[in-house]
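Chains as they are written, first to last, in my numbering: chain A, 17 to 467; chain B, 17 to 467.
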């Protein structure tokens, strides 16, 4: 961050408006975030000019749902009745795409790019799946693309990764990037309830979508991980490169056992550079209660970044919500507005990594070395633990702690264990064999650990 | 953050070097941070170019201590034998000032600004005391000033505050910005030891200076608070505007009592906008153990930011250390290099606030409304608590919790209490009266609380 003035522009504030171009913004999609952006641009125009020195105006806003527009009470001059009034409008400098999903967002963005408009989007699915195509198109047309709001609402992880830590070789980036899952697991622990109840409350509070499938299955976290990976490691990856496991199989008792041993369970999105290859995975993870991420509660988000110069760093913020996400969209608009006024090559950066980075070797999930939490559902009879530990030993997995609290002779009871570090492929093999043992009554629950 | 290329610059990486100007850097001060910056610039030149698209070169480096230079093993071509080889050198684009303290750093920076050089500095004392003068001089000469490393080492709070949250009205910013104090208080709790022992260990580990006076007394935190206030609220303040209380009077038993009640004690730097006035204060503070800041251990730093759009946000990172601080200095160098290449008005931003902001009303410490932790050293005899609570009641201070664990008839024992919210001026008056009571044997310890 640097302050000051270019020597060509030794000017006063009264002169600034005359020199600076008004930047016109068109918004497509007036849902939660889009409505917040429209509101902020209309209400904060002069505040933004005072703080940032750029004049940004909402020119047109569109949503196919007329009721949404009405509810927002926007002035009629900014209401568009067709999206073409925005991406076909030569006066619109920046298209803000907030409809989400791949289609028709992709087509709209590509059209706007072809018309040399700049883009601000929060569309994580689109960037994860089609990032390479969109960035290449933007490069050819000279369009700038802002996407701070695509990962973690108000959490400025995109800017920090790309600008603040630009001289760092990043070795790992991992965090809580899905508010719904974090809320649900925090609630289960806090209210001592099952996942269904926690999810019901999350929906009632507007934290979870009515159909939270993408969140609970880890897909949303995977999209965000693809975007973070691109920035941290300079290579394009897509969801098919990521190992994904959701939170569905997590039971309240897992959370309780973990806490008794000094751990919390969080759904983490993890990108780690290890042994010359990149691990990309989303799964529930045990982290020590003393870890900062363990203090990230409810629907909040946080991302941990490890770099060769910075050591450990963390960015925390609201993961979702109207105004937090709108704040990130507006900061992108301001950044682009500054760039337009400066005729900037914004972030000529990363070019080489964008071009060469895709050759980066991806780590196979089977090669992962980590510690594990295991919960077996086994018949309570002599010799069970011995059968299980035999299989583990054969696969070179050693046990760190084991506990069996309930006793119910002849019935299935939980046997819970923490292992020392082991290979994922060995664990896979061991669990396959263990789950075939006659004493095992349900599929074994396995949760990976992070320090 | 936005990605892309200006349409005037549709270029390939192979052409980029021809178009872009090499940016030459001169470093004055090769201590911990300066040595790290020199090392990073020399070793990471091509990495930085690949990632950021700018070519940054270390041209000259100077330190008055010849032994330091020798120890670093810098190539002889970059070693300057007189600082004038740097600030008097027309080829140096950016002066990196890392000698610290007011003099002669101020004179060197002013000379460099007059020569239209850009500045990167980590000098919190200088910016806190002379920020207004330096920024005005820079404005007149067209110099850019980077100072990310002045607050919290690798923690990118300056950029985030100024760029990511630029559309937010900030209502509060507070955090742990002194690694020494945080380490000492964390250690006392962890090792169950007194402050002297904790400080000794901090010195042995190189975390505390040999003379840690500025840290322990809260002065260093105050300097950083002045800089954060400037960015968050757009007004220049100096240390004389800040209420300062260090950690010297904190005893191990205070930390233990606080923890028993679910609180941690942290030295916080706090800037809060309340009732149309700005509170600026540095003091030990009780925060709930469930607060994210409570998970910030050892010498780490973290800053909490509350804005009207973002809600709560936190930035966490290494507060000090060679490479973390060097990372921030280098990111400023890269930002300025990008600006030079773009002929940018970097952050024409905040102009109005810089000019008008100083009229912002500062809150009087006496008007603060907060909860308090109090530890009285009182003779163990009947009627003591009644005398104390009478004085509190007279001053409209009500008690939330009170405890007296030790009993030692006729001898001084601790009586510890948490109050409900009260006015600072009333608390001052009450404590003055209480400390005059014959049953009170030592000055009462008072620690403010934050939610």
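Glycine included, C-beta positions come from ideal geometry on N, C-alpha and C.
This structure is a prediction, so every number in the text was calculated from the model and none was measured.
Buried or exposed (CB count within 10 angstroms, at least 16 for buried), residue i
i, result
"residue 305 of chain B", "exposed"
"residue 141 of chain B", "buried"
"residue 100 of chain B", "exposed"
"residue 120 of chain B", "exposed"
"residue 262 of chain B", "buried"
"residue 293 of chain A", "exposed"
"residue 137 of chain B", "buried"
"residue 203 of chain B", "buried"
"residue 402 of chain A", "exposed"
Separation of residue j from residue i, as counted between CA atoms
i, j, result
"residue 298 of chain B", "residue 78 of chain A", "48 angstroms"
"residue 420 of chain A", "residue 273 of chain A", "10 angstroms"
"residue 195 of chain A", "residue 112 of chain A", "23 angstroms"
"residue 339 of chain A", "residue 346 of chain A", "10 angstroms"
"residue 435 of chain B", "residue 276 of chain B", "16 angstroms"
"residue 327 of chain B", "residue 213 of chain A", "27 angstroms"
"residue 242 of chain A", "residue 448 of chain A", "30 angstroms"
"residue 149 of chain B", "residue 40 of chain A", "36 angstroms"
"residue 218 of chain A", "residue 180 of chain B", "28 angstroms"
"residue 76 of chain B", "residue 92 of chain B", "9 angstroms"
"residue 37 of chain A", "residue 54 of chain A", "20 angstroms"
"residue 300 of chain A", "residue 300 of chain B", "37 angstroms"
"residue 221 of chain B", "residue 314 of chain B", "11 angstroms"
"residue 363 of chain A", "residue 69 of chain B", "Unreliable placement is indicated for residue 363 of chain A, whose pLDDT of 31 sits below 50; the coordinate value is still reported in the next sentence. If I take the Cα positions, the gap works out to 7 angstroms."
"residue 395 of chain A", "residue 456 of chain A", "6 angstroms"
"residue 310 of chain A", "residue 96 of chain A", "45 angstroms"
"residue 465 of chain A", "residue 357 of chain A", "48 angstroms"
"residue 413 of chain B", "residue 42 of chain B", "57 angstroms"
"residue 57 of chain A", "residue 72 of chain A", "7 angstroms"
"residue 374 of chain A", "residue 118 of chain A", "Residue placement at residue 374 of chain A is flagged as unreliable, the pLDDT there being 44, under the threshold of 50; a coordinate-derived value is accordingly withheld."
Chain A contact for residue i (CB, 8 angstroms cutoff)
i, result
"residue 424 of chain B", "no"
"residue 1 of chain B", "Coverage of chain B is limited to positions 17 through 467, which leaves residue 1 of chain B absent and any answer about it impossible."
"residue 367 of chain B", "Because residue 367 of chain B sits at a pLDDT of 28, beneath the cut-off of 50, its placement in the model cannot be relied upon, and the point is left open."
"residue 267 of chain B", "no"
"residue 175 of chain B", "yes"
"residue 346 of chain B", "yes"
"residue 67 of chain B", "yes"
"residue 98 of chain B", "no"
"residue 340 of chain B", "yes"
For residue i, three-class secondary structure by DSSP
i, result
"residue 317 of chain A", "strand"
"residue 378 of chain B", "strand"
"residue 137 of chain B", "strand"
"residue 117 of chain B", "coil"
"residue 393 of chain A", "strand"
"residue 335 of chain A", "coil"
"residue 275 of chain B", "helix"
"residue 289 of chain B", "strand"
"residue 265 of chain B", "coil"
"residue 307 of chain B", "coil"
"residue 297 of chain B", "strand"
"residue 183 of chain A", "coil"
"residue 386 of chain B", "strand"
"residue 195 of chain A", "helix"
"residue 98 of chain A", "coil"
Below-8 angstroms beta-carbon distance, residue i vs any chain B residue
i, result
"residue 450 of chain A", "no"
"residue 308 of chain A", "yes"
"residue 333 of chain A", "yes"
"residue 112 of chain A", "no"
"residue 60 of chain A", "yes"
"residue 41 of chain A", "no"
"residue 64 of chain A", "yes"
"residue 182 of chain A", "yes"
"residue 14 of chain A", "Nothing about residue 14 of chain A can be reported from this structure: the residues present for chain A run from 17 to 467 only."
CB contact below 8 angstroms: residue i versus chain E
i, result
"residue 201 of chain A", "Absence of chain E from the displayed structure is noted, the protein chains being A and B."
Could you give the uninterrupted runs of the beta strand (DSSP E) lying entirely in the region 404 to 464 of chain A, keeping only those of 3 residues or more? 415 to 419, 428 to 435
Unbroken stretches of the alpha helix (DSSP H), 4 residues or longer, contained in the region 31 to 83 of chain B: 48 to 59, 61 to 68
Pick out the complete beta strand (DSSP E) segments inside the region 237 to 263 of chain B, 3 residues or longer, and give them in chain order. Correct list: empty.
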